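Protein chains in written order, with full-length UniProt numbering: chain A, 1 to 238; chain B, 1 to 238; chain C, 1 to 238; chain D, 1 to 238; chain E, 1 to 238; chain F, 1 to 238. Even glycine gets a Cβ: it sits at the ideal position worked out from N, Cα and C. All of these numbers come straight from a predicted model, not from anything done at the bench. Step one of this worksheet: look at the structure below.
6 protein chains.
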Amino acid sequence: MRPSGRAPDQMRTLTFEPGFTRHAEGSCLVSFGDTRVLVTASIDDKVPPFLRGKGQGWVTAEYGMLPRATHTRGNREAAKGKQSGRTQEIQRLIGRSLRAVVDLPKLGERQIIVDCDVIQADGGTRTASISGAWVALRIAVDKLIASKSVAEDPIRTQVAAVSCGIHQGTAVLDLDYDEDSTAGSDGNFVLTADGAIVEAQLTAEGETFDEEGLLRLLRLARIGCTEIFAAQLKAAGR
Amino acid sequence: MRPSGRAPDQMRTLTFEPGFTRHAEGSCLVSFGDTRVLVTASIDDKVPPFLRGKGQGWVTAEYGMLPRATHTRGNREAAKGKQSGRTQEIQRLIGRSLRAVVDLPKLGERQIIVDCDVIQADGGTRTASISGAWVALRIAVDKLIASKSVAEDPIRTQVAAVSCGIHQGTAVLDLDYDEDSTAGSDGNFVLTADGAIVEAQLTAEGETFDEEGLLRLLRLARIGCTEIFAAQLKAAGR
Amino acid sequence: MRPSGRAPDQMRTLTFEPGFTRHAEGSCLVSFGDTRVLVTASIDDKVPPFLRGKGQGWVTAEYGMLPRATHTRGNREAAKGKQSGRTQEIQRLIGRSLRAVVDLPKLGERQIIVDCDVIQADGGTRTASISGAWVALRIAVDKLIASKSVAEDPIRTQVAAVSCGIHQGTAVLDLDYDEDSTAGSDGNFVLTADGAIVEAQLTAEGETFDEEGLLRLLRLARIGCTEIFAAQLKAAGR
Amino acid sequence: MRPSGRAPDQMRTLTFEPGFTRHAEGSCLVSFGDTRVLVTASIDDKVPPFLRGKGQGWVTAEYGMLPRATHTRGNREAAKGKQSGRTQEIQRLIGRSLRAVVDLPKLGERQIIVDCDVIQADGGTRTASISGAWVALRIAVDKLIASKSVAEDPIRTQVAAVSCGIHQGTAVLDLDYDEDSTAGSDGNFVLTADGAIVEAQLTAEGETFDEEGLLRLLRLARIGCTEIFAAQLKAAGR
Amino acid sequence: MRPSGRAPDQMRTLTFEPGFTRHAEGSCLVSFGDTRVLVTASIDDKVPPFLRGKGQGWVTAEYGMLPRATHTRGNREAAKGKQSGRTQEIQRLIGRSLRAVVDLPKLGERQIIVDCDVIQADGGTRTASISGAWVALRIAVDKLIASKSVAEDPIRTQVAAVSCGIHQGTAVLDLDYDEDSTAGSDGNFVLTADGAIVEAQLTAEGETFDEEGLLRLLRLARIGCTEIFAAQLKAAGR
Amino acid sequence: MRPSGRAPDQMRTLTFEPGFTRHAEGSCLVSFGDTRVLVTASIDDKVPPFLRGKGQGWVTAEYGMLPRATHTRGNREAAKGKQSGRTQEIQRLIGRSLRAVVDLPKLGERQIIVDCDVIQADGGTRTASISGAWVALRIAVDKLIASKSVAEDPIRTQVAAVSCGIHQGTAVLDLDYDEDSTAGSDGNFVLTADGAIVEAQLTAEGETFDEEGLLRLLRLARIGCTEIFAAQLKAAGR
């Protein structure tokens, strides 16, 4: 029995609120249950130095957590003067996941910076971030298309992410904080709408796993992402 | 004529949404028009080192702005590795303003840390922060009272803040971004519900002012704060 | 009775020693009683990046305190690796105050950097800094005029600053450390020689104030600045 | 055909040189072909603050790369003043991998810090680090056992890591730099000698993959780790 | 011929102004010609962590240069966020030089922190700092003796420093900036009043030297330090 | 009697292993007994900003110590976020020593960065670094000559360094850690193969010294460097 009473293959309530803030070219407040992340996509007319003059664009991401997004207040990274290893790991993952579905030359020499800021955390902040980031990116790119700044749509397909893990011997989908903190092993899967795996990260904590377990988790991830893909499309008005 | 069509002594639409996030002991999403700040109040059982064993509490504040809260994206302070002078100036002001209405010995040896994170900026983020901070603080302290952690209410009165400035020759209340960026001179007033001035900060940019101008701005500030005080009480359920 | 025996509207002994160091284009050792600040004005032929090619100059300030300028030794900011919020707040105030009396386009595309380093502190280091900074700036600009590097004098008028506060129920001028650390409320006023207010910052610590109190402090500030303006002129050889 | 002429399931030449440095309780120079990493295991009698008094030990890792370990010189992280996101990601992975095979309560209240410094890089520095780290840890723990500082062996089994990827359409084992920089997708697997998966990290760059591909890479990883486990045992004198 | 017209073995005008600032237990403004350094000695009742409970004291030094102490303005180290290698090298040298003449157990468990801040630089700031530091230290320790905080004088003898170098083929004493920036090779000698060498640092820039040259410079240093020792005694009131 | 049983004028076993790593243009693993330093010389086609367009090259050095190179593990400088004063002092010394024997205009507009990383420390890491750095530099420059990138050999002569000190009243050569940590006074000499002194740094710790002592140490340094010069030539294949 899951603490939340959900079935093993049941996602938390999923909502995407597009246009949550008004300045960004694309924005979205994504909720996976009580986990809420504000995502904005900002278009910058300059690419990073290593890409100048190469005729292609770039998509990158930054991640942060408000100090009291969590049960106990964490120190503000700006005040500490550095981003934690965890923060950097997550923002690198978000960036790679988005780039996997973007045709960078079609984007032209511009950069889209996606900011994912966790307003409230209850497990799965990185998977909610990736899933919401696609919506914010989609909205921003649609503006580039509308203004004819890009000729062809640079987004090849959708990308979404979800966590899975073994909780008290059962493989479950979309872990909340209670499950996440006691899971024997868990993983994050980043999938595309056309069925491909973009990233898979599995970690055994306490309890290891094998091929069989890996495939079971992946099956759950496919179920969860199917639901996310549908919600993304609706939020992006497609 | 103000860009927004408001009368000179008219505040923007004011809303306080208490309990916006679930983990913090007190929280509030405050809006002064399009300026939206998420404020949380976190109770910490330890006081800072300089107060240990002195039989009194402490109230402090931290301030931040999401990178795309503004028209053009700003760099993330956590990524830059330091808080700007502006950020530090604002968070020091918020902390002083709150301490002005709190009886620290009555709070007991505990610290309340108020985090003000700007979700969307349209001028007046520091005054919205102070005004919302009082609500979050009030809610958190009410929990301390309810749990009999404090014997007497340590909050003496309400505190609120509003900006005023000279826009195209007219003294106006609660400047939005368009007014703020073109104002000849402007100021921020922090007032208490019993009529006292806690902080007054006036800066002439381009256009200086005199005693007469100073008093005119202060009169406007009193009008604005009266409206804020009423909204705060309602939001805090008092 | 003031600890120093001064009358309520009496400044401390005021001295400006121009040319205190030999390398800077302008320099001055300013003393407000036992508070002594070494100010230098350095002319730099480059403007900061945000002003390049805009046909105007810039004036900025940096502030520091020698570790043992104070009663007990403070940590060296260079060793700690960052400037405190207080330091940044003060240097921003000094820069704004100077720019309020400088016609930046007349300065041409160059920057004047004013360094205010507190040799000995006894209250009022920021007001002494601003007052001395004008002298150093004046001397440096006079060299630009003498060498025909600028065609017209970019300095419109004098600027000076002084603190005022309520000490044991009496409004007093130019607080020293003993008064400052016990004042119920105090403020800093930055005024120009032609009677305008450039900055006013008032803070209630313990004791709040009202319009009446504000005006009383401002009246004292005008008395103090009149004395400072005369001394500045003499020091600058005008 | 692989650039190195190796068969798809062929590891590079594997060597572990135990006792490479004399001060550390355990040390090992591990080579996966031209990738060479110096690993040391240092025993510290204190655990980190979050574990004090909890009756258990800790194993953690730090990772670094000498500036000219690579084809072109990289900046020294100590000179830049911070560790990159990549460095932090890798050292967190090494630490988690080691802790997966250590019974922390049996280690007693002490910490073992494993330093992995890359002397020369040719792809696979994180997998060589993990594989060598087990040897250094084993040697250090054997000293604790010999001196009767621990009663029971806290190391449950061996842990090793290897990379796999799709190079020009073929799944290959233990990618060197040439393969790594052109691979369509690749992953790192951390396995234990008793057959369990501890970590699996797969990333598609350009080319995505599916269940079939994932299992194919995992099969290769098992082949590689079997060879590593044998070499580890020999190096650790078991 | 030296640019200043001095004889090869002639020091610049030497002055020590004791008690230059009022808060420090010992202070002194030392001038070697146009090089002026403000030195303060602060007594701290705590020793650094590595000496706690060892029954001895400590003497350490910090060094800084005001941004416009030099011909062209240097960046403020506090603003850059770190002390340069040169700064650290100099403050380590000052600390070692002072400790060479202090009997640390006789000082008791307290620390004396000597701050050397360069007001104006014209070559030889480190040697002026060391020479002035002894005076500030002497004054501070005399207060400890007067208040019977220490039983026996912990200062064994005087310490002073001077630079020497080869300028246009001639060995000269106490180089000023003009000589220093063109000297073929130069060195700093730290000597005690009883004739011993505490530190000798020689660097060939362009022109190397041999035993003969080294001894010639050392002879000059003895001449210079003899003059400094006399001036120190007078300044310290001995 | 020396702890190692060596005669007072006897060096530790000296080895230079050229070509220790494969990517650097020049590399060398130098050992002075148990002190082992990996040195690489990297050729960079850009000179630092202050030399651009001046028609000359530059040679600089960086120094680091692996965390467990020493008896007890030191903190990793990259993790602490800054290089210690000692590290900076040493890398500045290495750079100056190398530049003393290089004709920078003949090098052309390129920079050679020498990295000295201490693998294992047993006293004398800076002297081993300098001595090994010359070998790595020689190898790198020989490649520039072979590829006709430089017309004339920019290296004028050899440079080497060794430490000497007074251990239990006897002047001894090439101190190891046991001697270094108990020596009354010691020094480092950097000499060229044609007999000149490039740098001499002597420090009295506890025990001061005089001209006689200084010359005695220098005589020992000449003996040691003669042996190093011969080994360098052999290692560099000359």
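Exposure label - residue i; buried when at least 16 CB within 10 Å
| i | result |
| --- | --- |
| D194/A | exposed |
| Q158/C | buried |
| G123/B | buried |
| L66/A | buried |
| S31/C | buried |
| D115/C | buried |
| M1/D | exposed |
| G55/B | exposed |
Cβ of residue i within 8 Å of any chain F Cβ
| i | result |
| --- | --- |
| Q111/D | no |
| S42/D | yes |
Interface flag, residue i vs chain A, CB-CB below 8 Å
| i | result |
| --- | --- |
| D34/B | yes |
| D117/B | yes |
| H71/B | yes |
Where the beta strand (DSSP E) containing residue i begins and where it ends
| i | result |
| --- | --- |
| V190/F | 185 to 192 |
| D44/B | 35 to 44 |
| S163/C | 159 to 167 |
| V150/A | Taken as a continuous stretch (DSSP letters only), V150/A belongs to no beta strand (DSSP E), as it is neither H nor E. |
| A196/C | Careful: A196/C lies outside any beta strand (DSSP E) and carries neither H nor E. |
| A171/F | 170 to 173 |
Test: residue i CB closer than 8 Å to a CB of chain E
| i | result |
| --- | --- |
| A196/F | yes |
| T127/F | no |
| K106/C | no |
Residue i versus residue j - alpha carbon distance
| i | j | result |
| --- | --- | --- |
| D212/C | G57/B | Going by the sequence as given, residue 212/C is Glu instead of Asp. Answer to the nearest angstrom: the Cα atoms are 32 Å apart. |
| residue 250/D | D176/A | With chain D represented from 1 up to 238, any question about residue 250/D goes unanswered, as that position is not in the structure. |
| G26/D | F229/A | 50 Å |
| L144/F | V150/F | 6 Å |
| G85/F | D178/F | 23 Å |
| C225/C | R216/B | 23 Å |
| R99/C | I197/E | 53 Å |
| Q88/C | Y63/C | 8 Å |
| Q120/F | T40/D | 11 Å |
| Q91/A | D180/B | 34 Å |
| P105/F | V47/F | 12 Å |
| R68/A | Q83/B | 18 Å |
| T35/B | E205/D | 41 Å |
| V141/B | S185/C | 26 Å |
| G237/B | G19/B | 11 Å |
| R6/C | R12/C | 8 Å |
Run of the alpha helix (DSSP H) containing residue i, from where it starts to where it stops
| i | result |
| --- | --- |
| E227/D | 211 to 235 |
| T60/B | No alpha helix (DSSP H) holds T60/B; the beta strand (DSSP E) holding it covers 58 to 65. |
| E179/E | 177 to 180 |
Any chain D beta carbon closer than 8 Å to residue i
| i | result |
| --- | --- |
| P67/F | yes |
8 Å Cβ cutoff, residue i in contact with chain C
| i | result |
| --- | --- |
| L38/E | yes |
Cutoff 8 Å: residue i Cβ touching any chain B Cβ
| i | result |
| --- | --- |
| K82/C | yes |
What beta strand (DSSP E) runs, 3 residues minimum, are completely inside the UniProt domain "Exoribonuclease phosphorolytic" (10 to 140) of chain A?
Segments of the beta strand (DSSP E) lying fully in the UniProt domain "Exoribonuclease phosphorolytic" (10 to 140) of chain A: 14 to 18, 26 to 32, 35 to 44, 58 to 65, 111 to 120.
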